[in-house]
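Have a look at the structure below before the remarks.
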Amino acid sequence: MKKYAWLFVFLVAFGGLWYPKLGLLLIPIMLLLGFLGFFSGKYWCGNLCPHGSLFDRFMLPISRSKKVPSFLKSRTMVVLVFILFMFGLSQRIIKAFTVFGEVSFWDKLGFVFVMNYFMVTIVGTLFAFFISSRSWCNICPMGTFQVLTYKLGKLMGLNAGSDKKVTVCSIDECLVCGKCTKACPMELVPHLEFAESGRVESEACIRCGVCVESCPADVLALSKLNDRREQSVSL
Ligand code: SF4
Ligand code: SF4
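Using the working numbering, the letters of the sequence shown correspond one by one to residues 512 to 746.
Okay, structure coming up:
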């Protein structure tokens, strides 16, 4: 999925300009990522998201790879973008429903989603080029949506057993080289975070596993809390 999900961006964001019904595919996708968010936070962003796949595959090698400005990561900005996005989307959906029952309805509704996807593709790609490959992911409304459902899942105790987080298997073997932190596309600091709890607890973590792959000591893993408990028991 990580390798080829970007094809979906071209299908919907560009193909949808000629065949607007393609935008309707985004409805089950939005529901699915919200559902997955309950159990595993922003897992979708790091592993299944077509835009994420596009940014990782094509934008990472050519990105200027600058530090994401702090205002772009601020809670105010995240909330503002989410509210504006949802407000705009719902307004356009309501407008499309004025022709409900007519032949053109499904095209109009699909086009609402196509245009949203198209705009995210343009803005996200510009961010990826001028800032860093995953800079858009800090404010992406779908990422925020997952964080919200994740919080709800935590509140309801739904994700304690299903949530995979970056976990340090043996902290004594960590070289404290910081390579995991340097490689993190979300600018998190795994090597400082797990020093406290043994896990990366940040809700901004997209579970991409890049830090795991970049660790020279091979002491990181994406694992569930239960797996960790089992490991400690067996040790
Ligand atoms: S890359 Fe591995 S060894 Fe280096 S600080 Fe991170 S966890 Fe420790
Ligand atoms: S901490 Fe690791 S898994 Fe989480 S976003 Fe950073 S690189 Fe990806």
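Quick reminder that beta carbons are idealized off the backbone N, C-alpha and C, glycines included. Remember, predicted model here, so these are calculated numbers, not experimental data.
Bounds of the alpha helix (DSSP H) holding Thr636 are 616-641.
For Ala639, the closest C-alpha among the options Cys688, Val520, Phe569, Asp729 is that of Phe569. Within the stretch 552-607, complete alpha helix (DSSP H) segments of at least 4 residues are found at 554-558, 561-565, 581-584, 586-607, given in chain order.
Contact check between the stretch 561-568 and the stretch 657-665: fewer than three CB pairs, one atom from each, fall below 8 Å, which does not count as touching. Here the alpha carbons of Met597 and Trp617 stand approximately 20 Å from one another. Distances taken from the Cβ of Lys690 to the heavy atoms of ligand 1 include one shorter than 8 Å. For Lys676, the uninterrupted beta strand (DSSP E) segment begins and ends at 675-679. Just so you know, the alpha carbons of Thr636 and Phe622 end up roughly 21 Å apart.
Lys735 has Lys675 as its beta-bridge partners, per DSSP. Under the Cβ criterion (8 Å, minimum of three pairs), the stretch 703-713 counts as touching the stretch 670-685. Residue side-chain check: Leu686 places its Cβ nearer than 8 Å to a non-hydrogen atom of ligand 1. Taking one beta carbon from each stretch, the stretch 581-595 and the stretch 531-540 have fewer than 3 pairs nearer than 8 Å; the two do not touch. Per the coordinates, the alpha-carbon of Ser725 lies some 6 Å from the alpha-carbon of Cys691. Taking C-beta separations shorter than 7 Å and ignoring five residues to either side along the sequence, the partners of Val520 in its chain run Pro561, His562, Leu565, Thr632, following chain order.
Arg710 has Thr678 as its beta-bridge partners, per DSSP. Going by beta carbons, Asn627 and Gly599 fall inside the 9 Å limit. For the pair Phe624 and Phe525, the CB atoms are not nearer than the 9 Å cut-off. Counting along the chain, the unbroken alpha helix (DSSP H) around Leu518 starts and ends at 517-520.
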